[in-house]
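Have a look at the structure below, then the notes.
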Amino acid sequence: MVDNAPKLSVRNLSVRYGDKQALNGISLDVFPNEIFGIIGPANSGKTSFLRALNRMEEFDANMTVEGDILFEGQDITAIRNVYALRRKVGVVFPLPVGLPMSIYENVAFAPKLAGIKKKAELDEIVERCLIRAALWDEVKDRLDALGSLLSGGQQQRLTIARALSQNPELLLLDEFSIAVDPVTTMRIEDVLKELKEEITIVLVTNLVQQARRLADRTAFFLESELIETAETEELFSGVVKDQRTRDYVEGRFG
Amino acid sequence: MSLFARTGLDEHNRRVEWLVRTLFLLMTVLLIIPVALIMGILIQRGAPALSWGFLTEVPTNGMTAGGIFTALIGTVWIVAVALLASVPIGVAAAVYLSEYAPDNWLTRAINLAIINLAGVPSIVHALFGLGAFVVFFGFGRSILAASLTLAVMTLPIVIVATRESLQAVPHAFREACWNMGATRWQTIRRVVLPNSISGILTGVILEVSRTAGETAPIMFTGAAAFLPFLPQGVLDQTMAMSLHLYVVSTQVPDVPDALPFGVALVLISMVLVMNATSIAFRIYLRNKRKW
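Those sequence lines, one after another, are chains G and W.
When you read off a place in the first sequence, starting at 1, and then add 493, the result is the number in our numbering.
When you read off a place in the second sequence, starting at 1, and then add 1466, the result is the number in our numbering.
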């Protein structure tokens, strides 16, 4: 699987919010069509990593990013058209955010931004993305209902459908199962395994076992540092370089 | 002794509780009395003056008879022109301050200036309007000068109402849009504004009632004590309800007793209707919440 060029190459990445160091000089590679897991306790810099990938510092005057992030070899910290970057990168937040518009409009929003106007084309995208996110059967008869009034689990799948509607090459998931029941979580996990065939996924999770079920490789973040990156199987079978990783994975702290 | 017997401390707390509650109730009643009195007296003494002709006829006999038609229409003109000036400027400024402006000393200074603008006495606004719009810009005493003076005075209402309703839209919605590659403007247009429009309208209606009632700012800038005809354009002078009330109450001899009360009743009814609309909007907004 890791025989081709990396989709994402991060070198010496640091993120700060004001004086507070959130991420300290981390380097890693994410390869095409893999699920790359990131585990670590709260405040270890996982979310800051995802935010940096999508150039969110543009919207947060307090946030500074240093280092290189190469997306297919191109440095994204240098590109000026951040909107094109964000369209290639889908993001799913910890808490589901159904936009205050209809279910249909939620999913058609990104395609419309990308300039798609034909109704038939939009219909097709909406149906395909909702099916992929395992939500279609529950909402197909009420696409006009408000997306922000769905249940938490449904909103999270709507968020995933919306991320997919961008036709992303890279999907970033930030602790997506926090507000979702276990059954829905398993359904979404199945969806992610299928999606891996087409796109690259970075999965931040605070559920160590979720990383084990899904991720091909997993990185362990601790106190703003990247402790190590390893094949998920190795990480969980105890082949780790650092004692702290073993302790975390086995639930001795965190 | 029973398990829940009342102790001396409980007795004391109960008496304090009763005292505090009664005191606060008294203050509330005290607050309602002047409002009720004003409305009661206005209706009792002003109602005899009211008739369809009162609203549709021009003042006659040195303003001691006839109706208030010219003043009523004049107030509509002044309010409309003031809104045309202040709503676009106020809403645009609020959108900038809330959605674009970085949080630095300049932004904070501007916010402070807006709050201060709201605290400037209306007579100061009146003199500013006289100097700036009547004399310097050469609009003369006109609807335009009067309306612009009122627009400057009421801008803080629009800005604060707009900014607050924009900020009531959860930040997560904006982040979700930005993450999909939407620009700030696309986010504002598709998500933020549609969900704050009712709040903005509420602010605008509050501004209308304030604008309709002000007297000092229009006295020197465009409102006339008496004109026998309606304004033909924004550069004409006009009569206005608030100034008319002032004039018939204090400046004209031999006015029938009911007339000033009738004028006041119409003016206050206009404002009340506006405020009621504003409250209805707020209720509508609360019931239509989308998250």
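Beta carbons are placed, not taken as given, at the ideal position from N, Cα and C, and that holds for glycine.
Exercise. Could you pull out every residue in the same chain whose Cβ sits closer than 7 Å to the Cβ of residue 690 of chain G, ignoring the five residues on either side in sequence?
Key: 526
Quiz item: In its own chain, which residues sit with a C-beta less than 7 Å from the C-beta of residue 1765 of chain W, not counting the 5 before and 5 after it?
Solution: The question about residue 1765 of chain W has no answer here: the residues shown for chain W are numbered 1467 through 1757.
Exercise. Kindly indicate if chain W contains any beta-carbon less than 8 Å away from that of residue 641 of chain G.
Key: yes
Self-check item: Per-residue contacts from residue 1796 of chain W into chain G (C-beta, under 8 Å)
Solution: Because chain W here runs from 1467 to 1757, residue 1796 of chain W falls outside it and cannot be looked at.
Exercise. Can you give me the start and stop residues for the alpha helix (DSSP H) that residue 1479 of chain W sits inside?
Key: 1474 to 1512
Practice problem: Could you round the C-beta distance between residue 695 of chain G and residue 529 of chain G to whole angstroms and report it? I think they count as a contact, below 8 Å. | Solution: 5 Å
Practice problem: Please name the residues in the stretch 1639 to 1650 of chain W whose beta-carbon is closer than 9 Å to at least one beta-carbon of chain G, in chain order. | Solution: 1639, 1640, 1641, 1642, 1643, 1644, 1645, 1646, 1647, 1648, 1649, 1650
Quiz item: Quick check: the stretch 647 to 654 of chain G against the stretch 1625 to 1641 of chain W, are there 3 or more CB pairs under 8 Å?
Solution: no
Exercise. Using a cut-off of 9 Å between C-beta atoms, extract the partners of residue 579 of chain G located in chain W.
Key: 1644, 1645, 1646, 1647, 1648
Quiz item: Buried or exposed: which applies to residue 506 of chain G, given that a residue is buried once 16 or more other Cβ atoms fall within 10 Å of its Cβ?
Solution: buried
Quiz prompt | residue 1493 of chain W, buried or exposed, once every other Cβ within 10 Å from all chains shown has been counted against 16 | solution = exposed
Quiz item: Near residue 1690 of chain W, which residues of its chain fall below 7 Å by C-beta distance, leaving aside the five closest residues on each side in sequence?
Solution: 1703, 1704, 1705
Quiz item: Are the C-beta of residue 659 of chain G and some C-beta of chain W separated by less than 8 Å?
Solution: yes
Self-check item: Segments assigned alpha helix (DSSP H), at least 4 residues, entirely inside the stretch 1592 to 1634 of chain W
Solution: 1609 to 1633
Quiz item: How far does the beta strand (DSSP E) with residue 1664 of chain W in it reach, from first residue to last?
Solution: Not the beta strand (DSSP E): residue 1664 of chain W falls in the alpha helix (DSSP H), residues 1663 to 1679.
Self-check item: Beta-carbon proximity check, residue 672 of chain G vs residue 645 of chain G, cutoff 8 Å
Solution: yes
Quiz item: Given that a residue counts as buried once 16 or more other Cβ atoms are within 10 Å of its Cβ, and exposed if not, what is residue 495 of chain G?
Solution: Any answer about residue 495 of chain G is weak, because its pLDDT of 47 lies below 50 and its placement is not dependable; what the coordinates show is given next. Looking at its Cβ environment, which holds fewer than 16 other Cβ atoms inside 10 Å, residue 495 of chain G is exposed.
Quiz item: Interface residues of chain G around residue 1569 of chain W at Cβ under 7 Å?
Solution: 554
Quiz item: So residue 1522 of chain W packs on residue 1678 of chain W, CB below 8 Å; how close in whole Å?
Solution: With 8 Å as the limit, residue 1522 of chain W and residue 1678 of chain W do not qualify as a contact, their Cβ atoms being about 19 Å apart.
Practice problem: Using only alpha-carbon positions, find the residue among W:1484, W:1721, W:1688 that is nearest to residue 1612 of chain W. | Solution: W:1688
Quiz item: Is the beta carbon of residue 1722 of chain W sitting closer than 8 Å to the one on residue 1530 of chain W?
Solution: yes
Quiz prompt | Three-state class that DSSP yields for residue 743 of chain G in the structure shown | solution = coil
Practice problem: Spell out whether any CB of chain W is found under 8 Å from the CB atom of residue 626 of chain G. | Solution: no
Quiz item: Residues of chain W with CB under 7 Å from residue 606 of chain G, in chain order?
Solution: 1646, 1647, 1648, 1652
Quiz item: Rounded to the nearest angstrom, how far is the Cβ of residue 707 of chain G from that of residue 686 of chain G, given a contact under 8 Å?
Solution: 7 Å
Self-check item: Any 3 or more C-beta pairs closer than 8 Å across the stretch 590 to 598 of chain G and the stretch 631 to 642 of chain G
Solution: yes
Exercise. Could you list which residues in chain B have their beta carbon closer than 9 Å to that of residue 1753 of chain W, in chain order?
Key: Absent from the structure is chain B; the protein chains it does hold are G and W.
Self-check item: Residue from W:1574, W:1686, W:1558 with nearest C-alpha to residue 1593 of chain W
Solution: W:1686
Exercise. To the nearest angstrom, report how far apart residue 1605 of chain W and residue 1599 of chain W are at their CA atoms.
Key: 6 Å
Practice problem: Run the proximity test for residue 695 of chain G: is its beta-carbon closer than 7 Å to any non-hydrogen atom belonging to the ligand MN? | Solution: The ligand MN is absent from the structure shown, which contains no ligands of any kind.
Quiz item: So what's residue 1517 of chain W in DSSP terms, helix, strand or just coil?
Solution: coil
Quiz item: Can you round the beta-carbon distance between residue 1674 of chain W and residue 1619 of chain W to whole angstroms, since I take them to be within the 8 Å contact cut?
Solution: 13 Å between Cβ atoms; not a contact.
Exercise. Could you tell me whether the stretch 574 to 592 of chain G touches the stretch 665 to 685 of chain G, using the rule of 3 or more Cβ pairs below 8 Å?
Key: yes
Quiz item: Counting along the chain, where does the alpha helix (DSSP H) carrying residue 505 of chain G start and finish?
Solution: Residue 505 of chain G -> not in any alpha helix (DSSP H); beta strand (DSSP E) instead, spanning 501 to 510.
Self-check item: Through-space distance from residue 550 of chain G to residue 1577 of chain W, alpha-carbon basis
Solution: 25 Å
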